[in-house]
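Asker:
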Amino acid sequence: EEIDTWNYHAANLFATYEDEFADAHHLTVMAGGNLETQYRKDVWAKGYYLTTEDLNDLGLTGLNPDGVAQYEADGDQSDDALLGVFGRINYDYGEGYLFQATVRRDGSSRLSNDGRWGWFPSASLGWRIDKEPFFNVDPQLVSLLKLRASYGVLGNENIGDYQFMATMARGNYTYSFNGNKVTGSAISDYVNTAIKWEKKKTLDIGLDYAMYGGKLEFNADWYRAVSED
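The numbering of the sequence shown is my numbering, which starts it at 2 and goes up by one.
1. Quick one: grab the DSSP three-state call for Asp162.
2. Out of Asp93, Phe135, Ile130, which one is the CA nearest neighbour of Leu148?
3. Is the distance from the Cβ of Glu229 to the Cβ of Trp198 below 7 Å?
4. Start and end of the beta strand (DSSP E) containing Pro122?
5. List the residues that DSSP assigns as beta-bridge partners of Glu54.
6. On the CB-based measure, 16 or more other CB atoms within 10 Å of its CB, does Asp107 come out buried or exposed?
7. Could you tell me if Leu112 is buried or exposed, where buried requires 16 or more neighbouring beta carbons within 10 angstroms of its beta carbon?
8. Asp115 by DSSP, collapsed to three states: which one?
9. So what does DSSP say about Gly60, is it helix, strand or coil?
10. List the DSSP bridge partners of Trp45.
11. Are Ala74 and Ala102 close, meaning C-beta to C-beta below 7 Å?
12. Between the alpha carbons of Val86 and Phe178, how many angstroms are there, rounded?
13. Distance check for Leu204 and His1, CA to CA, integer angstroms please.
14. Considering only their Cβ atoms, is the gap separating Phe165 from Ile188 smaller than 7 Å?
15. Helix or strand or just coil, what does DSSP make of Lys202?
16. Once the 5 residues before and after Thr194 are set aside, which same chain residues still bring their CB inside 6 Å of it?
17. Would Thr184 and Thr175 qualify as a contact pair, given that the criterion is a beta-carbon distance under 7 Å?
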């Protein structure tokens with residue numbers, strides 16, 4: 002028999018402020034935070050010499066040739082948490098000049114104390130060339146012409162739980178205590194106590210073009226991404 006338990010909880014809180022002034026400036030500011038927690042527990046048990054093959058209940062475990070009921074049981078559990086706060090600003094002038102900036106501050110229980118928290122900023126710029134007064138082209142031919150560029154940093158902490166901690170493993174570790182053989186435990190693996198966020202840095206430059214009121218659209222991008230710890 003096996004029982005798996007997984008509890009996941011998430012909480013998100015954010016606030017947004019939006020304003021438009023001078024008939025040309027549009028500003029949106031957002032700030033917030035989020036919290037995620039996970040708890041997992043697995044328990045399994047196995048019994049031998051069942052008194053019937055039609056049912057696999059542990060209560061039906063029989064006796065081995067020595068007259069002893071034979072069982073096995075094991076289990077494990079783990080938990081982790083992720084806490085983040087963020088802010089974002091969107092601004093455009095006359096729908097022709099576009100700007101967005103975002104910054105996050107995230108902390109993960111999967112990482113060591115020295116590398117638990119990380120900053121992850123990003124920014125993007127856009128220029129709607131078709132909105133310029135000098136751009137006198139039939140909208141059926143060019144209904145959208147936008148040049149854009151963005152740069153951002155994303156974080157990755159999906160490395161499993163407790164990777165920065167030395168864990169004790171049970172095995173065939175025995176020693177004598179008061180004349181009896183006793184099972185012991187030992188550190189199983191060497192660990193990196195300086196584990197920190199992996200950061201993926203991305204640069205993107207693109208051009209968007211549409212015609213016939215957006216019915217036909219083309220996009221071109223130059224993209225570069227580098228990951229580092």
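In this text, a Cβ means the ideal position worked out from N, Cα and C, and glycines have one as well.
Answerer: Taking the structure as given:
1. Here residue 162 is taken as the residue at index 161 of the sequence shown, counted from 1. Here Asp162 sits in coil by DSSP.
2. The residue given as residue 148 occupies position 147 in the sequence shown. The shortest Cα separation from Leu148 among Asp93, Phe135, Ile130 belongs to Ile130.
3. In the sequence shown, residue 229 corresponds to position 228, counting from 1. In the sequence shown, residue 198 corresponds to position 197, counting from 1. No, the pair does not count as a contact, with Cβ atoms beyond the cut-off.
4. Position 121 of the sequence shown, counted from the start, is the residue given in the question as residue 122. Residues 118-129.
5. Against the sequence shown, residue 54 aligns to sequence position 53. For Glu54, which the question treats as bridged, DSSP gives no partner whatsoever.
6. Along the sequence shown, one-based indexing puts residue 107 at 106. Answer is buried; the Cβ neighbour count reaches 16.
7. Taking the sequence shown and counting its residues from 1, one reaches residue 112 at position 111. Here Leu112 is buried. Its C-beta has 16 or more other C-beta atoms within 10 Å.
8. Here residue 115 corresponds to residue number 114 of the sequence shown, with the count starting at 1. Correct three-state label for Asp115: helix.
9. Indexing the sequence shown from 1 puts residue 60 at position 59. Of the three classes helix, strand and coil, the one that applies to Gly60 here is helix, per DSSP.
10. Residue 45 sits at position 44 when you count from the first residue of the sequence shown. Beta-bridge pairing links Trp45 to Glu3, Asp75.
11. Walking along the sequence shown from the start, residue 74 turns up at place 73. Walking along the sequence shown from the start, residue 102 turns up at place 101. Cβ distance not < 7 Å, so Ala74 and Ala102 don't count as in contact.
12. As a working mapping, residue 86 is identified with position 85 in the sequence shown. As a working mapping, residue 178 is identified with position 177 in the sequence shown. Distance between the alpha carbons of Val86 and Phe178 is about 53 Å.
13. This structure leaves residue 1 out entirely; the chain is present only between 2 and 230.
14. Numbered from 1 along the sequence shown, position 187 holds the residue referred to as residue 188. Numbered from 1 along the sequence shown, position 164 holds the residue referred to as residue 165. In this structure, Phe165 does not lie closer than 7 Å to Ile188 by Cβ.
15. The residue you call residue 202 lines up with position 201 of the sequence shown. If DSSP states are grouped into helix, strand and coil, Lys202 belongs with the strands.
16. Taking the sequence shown and counting its residues from 1, the one referred to as residue 194 is at position 193. Closer than 6 Å at Cβ, skipping near neighbours: Ser113, Phe165.
17. Against the sequence shown, residue 184 aligns to sequence position 183. Against the sequence shown, residue 175 aligns to sequence position 174. The answer is yes: Cβ separation under 7 Å.
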